[in-house]
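Scroll down for the structure; my scribbles are underneath it.
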Amino acid sequence: MSSGNLLVAFQGEHGAFSEEAVLKNKDVLAELDGSKRGLETIPYPSFEDVITAVEKNWVDYGILPIENSQEGTISETYDLLIKYNVYAVLDIKLRVVHCLISHKDTEIKDIKKVYSHVQGLKQCSDFIDRYRWEKIPTYNTAGSVQIILDHNDRSEAAIASKKAADIYNMKILKEGIENNDRNYTRFFIISNTQQTELEYHLSNFSAKFDNIYKE
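Just so it is clear: in the sequence shown, position 68 is 81 by our numbering, and no numbers are missing.
Right under this line is the structure:
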């Protein structure tokens, strides 16, 4: 690692919820790292790429979503943690607020297709089904905004974060379209060294998750 900053890998594009979780917990990460370095987030195409970057020491840490309060466990993350020699060293949560995003001259009545990560589509299924839009899964929520920007089609929208709309200078048609206003995602911060004693057996984790988000 040539950068003097604290490097954290995340899956997707800038504006992804994983990146938002990192930025909102930068003080916790700095304390974990024990340094006063600046924070830099690095996008990678897949969860596996994030883990590889951590394992090969290309970055200091990675972040992976582990479970959502609506949709349950993200099994791909567990499978990868078993496959690779990395450690979950921090457990953080994020209140996920989904936005319907499109072009500046688009209104909700114009939409026919909506793009997002499969988790975004599921977490906003009630809103989408109300309009009977075609659902098109993508590799990342923020990346879906880039897709509709490139298509330049007023009949298309994306579901992503407010930050993603800002980054691509797109219009938020409606904010807070998730099925449940207590929509949280839990993330693991991963490292190639075991810095803390974080337990992540599925049964224990799920029970703890349920208790927190039913309060």
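Just so you know, even glycine gets a beta-carbon here, dropped at the ideal spot from N, CA and C.
Helix, strand or coil at residue i according to DSSP, with G and I counted as helix
i       : result
His-130 : strand
Thr-119 : coil
Thr-86  : strand
Ala-29  : coil
Ile-190 : coil
Val-99  : coil
Lys-176 : helix
Lys-184 : strand
Ser-138 : helix
In DSSP terms, what residue i is bridged to
i       : result
Val-21  : Thr-54, Tyr-74
Tyr-197 : Arg-108
Thr-154 : Thr-154 is not bridged to any residue.
Glu-147 : Lys-126
Asn-38  : DSSP lists no partner for Asn-38.
Ser-168 : In the DSSP output, where bridge partners are listed per residue, Ser-168 has none listed.
Cβ-based burial, residue i [other Cβ within 10 Å; buried from 16]
i       : result
His-130 : buried
Gln-132 : buried
Arg-145 : exposed
Arg-143 : exposed
Val-63  : buried
Arg-195 : exposed
Thr-198 : buried
Thr-206 : exposed
Glu-147 : exposed
Glu-169 : buried
Val-41  : exposed
His-164 : exposed
Glu-191 : buried
Best match in the options for proximity to residue i [C-alpha to C-alpha]
i       : options                           : result
Ser-115 : Asp-142, Asp-40, Ala-29, Leu-186  : Leu-186
Glu-26  : Arg-167, Tyr-181, Asp-142         : Tyr-181
Glu-80  : Ser-138, Thr-206, Phe-201         : Phe-201
Gly-17  : Asn-193, Phe-60, Val-72           : Val-72
Phe-23  : Val-67, Ala-43, Glu-44            : Val-67
Tyr-128 : Ser-82, Ile-160, Asp-166          : Ile-160
Asp-139 : Asp-46, Val-21, Ala-29, Gln-83    : Gln-83
Leu-113 : Met-183, Asn-193, Ala-101         : Met-183
Tyr-97  : Arg-108, Thr-65, Val-110          : Thr-65
Ile-87  : Phe-60, Pro-150, Arg-108          : Phe-60
Arg-108 : Ile-203, Ser-204, Val-21, Asn-193 : Asn-193
Counting Cβ pairs closer than 8 Å, one from the stretch 114–122 and one from the stretch 69–81, do we hit at least three? no
Would you check if the stretch 28–45 and the stretch 160–178 touch, i.e. whether three or more CB-CB distances between them fall below 8 Å? yes
Assess contact between the stretch 92–108 and the stretch 139–159, defined as three or more Cβ pairs (one per stretch) separated by less than 8 Å. Is contact present? no
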